[in-house]
Amino acid sequence: MTRDEYREAFDAIERKWQSRWDTDRAFEAPRIPTGDHFYCLEMLPYPSGRLHMGHVRNYSIGDAVARFQKMRGREVLHPMGWDSFGLPAENAAIKHGTPPAKWTNENIAAMGAQLKRLGLSYDWTREIAAHRPDYYRWNQWFFLKMFERGLAYRSRRWVNWCGSCQTVLANEQVENGRCWRCASVVGRTELDQWFLKITAYASELDAELDTMTGWPERVRVMQRNWIGKSEGAQVRFAIVDDASRATGADLEIFTTRLDTIFGATFCVVAPRHPVLAGIPAGAEARARLDAFLRRIDARDVTRSGMEPEEKEGIDTGLRVRNPYNGEILAVWTANFVLMEYGTGAIMAVPAHDERDFEFAHKYGLPVRTVVEAARPLPTTGGATIEDGVLVASGPYDGLDSAAARTAMLRDGEGKGFARPIVRYRLLDWGISRQRYWGTPIPIIYCERHGAVPVPESDLPVVLPEDIPLTGQGGSPLAQVKSFVETTCPVCGGPGRRETDTMDTFVDSSWYFFRYCDPRNARAPFDPGVVGAWVPIDLYVGGITHATLHLIYCRFFAKVLRDLGLVSFDEPVKNLLCQGMVLKGGTAMSKSKGNVVEPDDMVSRYGADTTRLFTLFAAPPEKDLEWNEKGVEGCFRFLERVWRLLIPRASDLARVPPPGEEDGAGDARHARLRRRVHQTIDRVTGDIERRLHLNTPVAALMELLNETQDFCRDASDADRPYLKEAGLTLALLLQPFAPHISEELWTSLGGQGSAVRQAWPTASPRWLQEEQVEIPVQVNGRLRARLLVAPSISETEALSRAQEDARVSAHLQGRAIRKTIYLPGKLLNIVVG
RNA sequence: GCCGGGGUGGCGGAAACGGUAGACGCAAGGGACUUAAAAUCCCUCGGGCCUCUGGCCUGUGUGGGUUCGACUCCCACCCCCGGCACCA
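So the first sequence is numbered by our numbering: it starts at 4 and just counts up by one.
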């Protein structure tokens with residue numbers, strides 16, 4: 004057969020088996036699993052229009068595991084859907100005038116066809132799409148439930164604003180000061196926004212990371228950093244007047260270094276700290292302060308992820324009293340203190356904090372050392388930040404830092420001016436988006452009743468279609484009178500709908516629950532059904548969502564738990580973050596012109612080859628360099644499988660496979676059988692225990708090589724052994740190259756569909772080697788190899804080794820001090 | 001700066017526990033078949049050396065250490081990738 008003939012044959016069997024699986028409904032999962040089950044999930048795609056290789060890799064990994072688990076006898080839930088709300092649809096509408104719904108539906112059709120061509124084992128009866136009202140109505144429902152519990156609230160805040168996307172971004176969506184989607188510089192603006200109170204779960208989200216051993220360490224670390232737990236003390240400094248008398252007002256500061264409080268030489272508040280509003284209009288300090296704040300505001304873009312700018316500040320004229328030593332300190336305001344963190348106010352200890360030191364140095368403010376490092380350490384930037392022993396700290400002198408923190412906190416608590424506090428860097432999740440293609444937020448504003456939730460019975464609040472989209476002038480929905488104008492659910496008076504839509508990350512925060520019960524019209528899902536399937540046994544997706552989706556979905560699961568809808572704490576048991584697909588060392592992108600089209604690969608090599616390559620070329624979690632020659636290698640492997648077995652298949656179909664003990668008397672037969680059973684053992688172990696998919700492919704290649712050698716001098720007596728090898732290969736190939744696996748299975752006389760067969764089990768009888776080659780070392784250096792029975796005794800092994808010329812040459816004239824013998828594994832002779 | 005993950009042939013990558021380093025694949029070189037090419041099949045393939053069907057030395061980022069034995073464990077360092085970064 005020529006290359007083209009193979010390509011056509013593969014193409015034909017791929018179509019054939021895809022339609023067979025379809026008619027067999029081979030991948031439909033039961034509503035409720037009755038036995039051992041496995042929920043295998045891959046991150047659902049945004050319907051951009053076409054699949055890229057990253058998708059193919061992601062889904063090939065998931066599919067291999069799903070098929071493997073199914074054959075291992077588990078009931079497998081393996082669904083797919085569409086994250087179909089989002090900006091690209093709206094941008095396409097603005098650019099080309101295509102309605103977002105039409106654009107989205109066409110893309111779903113196109114990408115769905117691409118997925119089907121890959122032969123992935125999805126239960127398509129469970130397909131969901133976020134832009135369909137029967138899905139997003141439950142976003143609205145969850146929002147209302149959270150609103151009832153105070154977990155969704157409205158607040159006027161400074162937010163991240165992307166001028167190019169014309170919308171607000173969550174903190175998680177700002178990367179290095181730029182928009183995660185379009186890379187524009189992100190600005191700051193003050194807006195009324197809806198927030199979800201993810202901070203209510205900060206402590207639990209953080210603490211549970213320690214127990215989530217099924218997640219990659221790097222993801223856990225990223226989340227831990229993102230949540231940013233820090234334990235410290237909140238201390239109340241009384242604000243005093245010119246005569247150092249208490250004014251009755253206070254300034255609360257947060258510190259993790261209470262032990263350094265005797266070294267505080269001034270305080271600093273954030274430029275937007277409310278205490279500054281208290282400075283009277285006429286005061287001399289007011290004018291200077293206003294000028295300073297105007298300057299800071301003028302170039303206000305988000306600083307997140309950017310190089311810190313030069314520290315700047317001014318004395319506000321306010322004075323406070325340090326409750327620990329009674330000292331009067333000046334209150335400054337400066338650009339390096341953030342309102343979003345802690346209390347927005349700090350005590351400055353220049354001797355023991357680099358930032359404070361830098362600021363004090365610039366403005367000539369005093370520096371006082373109160374902690375002496377146990378051993379003199381190199382000081383960084385003039386400040387000694389390490390713990391040490393306290394000096395110049397009144398009653399606390401001589402204590403070490405840790406003991407001082409405890410003692411000072413206890414004393415401060417006793418006197419009522421300090422208390423222990425845990426702070427998080429994590430902020431509440433702002434979900435308002437000033438765009439059209441998303442879930443309408445189910446709120447109505449009434450003159451008399453304020454923000455009123457839409458009654459549950461009125462859900463869904465349907466997103467109107469066919470509306471003008473310009474990309475300018477705020478929320479598009481605000482222009483749609485028929486949508487905006489409504490009546491207040493409380494009083495029936497005139498009301499206006501909220502015109503912002505939800506962040507699309509809301510959609511993907513709970514979709515995997517919906518898969519369990521996708522057509523439920525009365526509830527987001529039946530808790531009994533979700534309880535039977537979830538937690539997810541394996542979730543496969545990119546690392547890019549480590550602090551976005553993967554933290555939001557954990558939060559949602561906890562909210563749902565507290566609503567009584569689920570009974571677990573964490574939704575995902577095992578997480579696999581697959582690496583990127585690269586070409587020429589960088590990610591594939593249109594602008595770099597290094598894109599490899601999945602359709603093109605499937606047309607030229609077939610789905611089996613394309614999938615096989617993505618699994619074989621690198622371990623799942625590492626980046627994968629696309630290499631066309633490597634793809635050809637995989638194609639050649641499948642060709643060789645075909646060439647070796649298909650022409651012999653009709654002959655082998657009627658031959659019974661060998662009995663347990665058959666073949667023991669013939670070296671060639673025994674050798675092949677051992678290889679077959681060892682391969683079963685290796686492939687099974689690698690997938691199940693280590694989630695390695697590249698090494699099983701290598702093992703299958705080795706089995707083929709061995710089988711090919713076996714066929715070189717074939718006789719009729721060989722046929723049962725060849726049949727066993729062929730059938731085993733057919734089944735073991737199922738996770739990696741499912742179509743050819745099916746064809747091979749059927750051709751060799753296998754009954755039914757391969758994917759419905761039980762995964763083969765290795766016979767212990769054939770895992771045993773009769774003869775093993777054990778290395779013989781002299782002083783740890785390899786000198787010979789002995790072919791012996793694995794049960795050979797140490798003395799016998801030693802005497803056999805001594806017969807070897809090379810070994811005896813190295814033993815010459817030296818006394819054997821001892822021998823190390825691992826039965827059947829190794830002999831090491833130690834000489835003096 | 002802090003935190004994570006890595007560094008193995010020309011390349012992608014193998015080596016649960018410390019026990020034959022380089023499986024499998026790609027590339028390369030040689031050969032068979034062919035009028036020729038493609039395809040296929042066979043052989044070689046970390047480096048150096050020698051008395052070359054064999055043997056010796058060396059080799060997993062660098063330098064030390066533990067051990068009969070180290071890619072694997074320990075200490076110090078270098079480099080690469082990723083995350084966080086004025087978080088008090």
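Even for Gly, the Cβ is constructed at its ideal location relative to N, Cα and C. Here the structure is a predicted model, which means the values were calculated and not measured.
Would you identify the three-state DSSP class for residue i, choosing helix, strand or coil?
i      : result
LYS821 : strand
ALA472 : What sits at residue 472 in the sequence shown is Leu, not Ala. Coil at LEU472, not helix or strand.
PHE440 : For the sequence presented, residue 440 should be read as Trp rather than Phe. Coil.
GLY84  : strand
PRO530 : helix
ARG619 : Sequence check: residue 619 is Phe here, not Arg. Helix.
GLN771 : coil
GLY783 : coil
LYS365 : helix
ARG269 : At residue 269 the sequence reads Phe, which differs from the Arg that was named. In the structure shown, PHE269 sits in a strand (DSSP, three-state: E or B).
GLN196 : strand
GLU178 : strand
PHE257 : strand
VAL457 : coil
PRO479 : helix
VAL370 : coil
PHE41  : strand
PHE339 : coil
PHE240 : strand
VAL562 : helix
SER187 : coil
CYS714 : helix
SER307 : Low per-residue confidence applies at SER307: pLDDT is 48, beneath 50, and the placement is therefore not dependable, though the value from the model is reported in the following sentence. In this structure, SER307 counts as coil in the three-state DSSP scheme.
SER206 : helix
MET74  : helix
GLU109 : helix
CYS132 : The amino acid occupying residue 132 in the given sequence is Ala; Cys does not appear at that position. It is a strand residue.
CYS556 : helix
GLU573 : coil
GLY251 : strand
Measure how close the beta-carbons of residue i and residue j come, nearest whole angstrom, since I'm counting them as under 8 Å.
i      : j      : result
ARG324 : PHE240 : 6 Å
VAL243 : GLN196 : Between GLN196 and VAL243 the Cβ distance is about 37 Å, and since that is not below 8 Å, they are no contact.
ARG160 : GLU193 : 7 Å
ALA804 : LEU790 : Contact flag wrong, Cβ pair sits at about 12 Å.
Using a Cβ-Cβ cut-off of 6 Å (strictly less than) and excluding sequence neighbours within five positions of residue i, which residues of its own chain qualify?
i      : result
MET604 : THR613
TYR9   : GLU642
GLY688 : none
GLY816 : none
Anyone know if the C-beta pair for residue i and residue j falls short of 9 Å?
i      : j      : result
ALA818 : HIS680 : no
ILE777 : ILE201 : no
VAL855 : LEU747 : It is not possible to answer for residue 855, since the shown part of the chain is limited to 4 through 835.
PHE88  : GLY545 : no
ASP669 : PRO723 : no
ALA133 : TYR427 : no
THR731 : PRO699 : no
ARG53  : PRO601 : yes
SER435 : VAL238 : no
GLY57  : MET505 : no
LEU734 : MET74  : yes
Excluding sequence positions up to five away, which residues of its chain have a Cβ less than 8 Å from the Cβ of residue i?
i      : result
ALA351 : ALA267, THR268, PHE269, CYS270, VAL271, TRP335, ASP359, PHE362, ALA363, LEU368
ALA395 : PHE265, GLY266, ARG371, THR372, VAL373
ASN61  : GLU45, MET46, VAL543, GLY544, GLY545, GLN581
LYS561 : TYR204, GLU207, LEU208, ASP572
ALA354 : THR263, GLY266, PHE360, VAL370, ARG371, THR372, VAL373, VAL374, ALA386, THR387
Quick one: what's got a C-beta closer than 7 Å to residue i's C-beta in the same chain, skipping five residues either side?
i      : result
ARG408 : LEU261, ASP262
VAL575 : PRO538, ILE539, TYR542
ALA67  : LEU618, LEU696, PRO738, PHE739
ARG120 : VAL605, ALA610
field: Uninterrupted beta strand (DSSP E) stretches inside the stretch 484-535 (no shorter than 3 residues)
entry: 488-490, 497-500
- prompt: Where are the beta strand (DSSP E) runs, 3 residues long or more, that stay fully inside the stretch 581-606, in chain order?
  reply: 584-586
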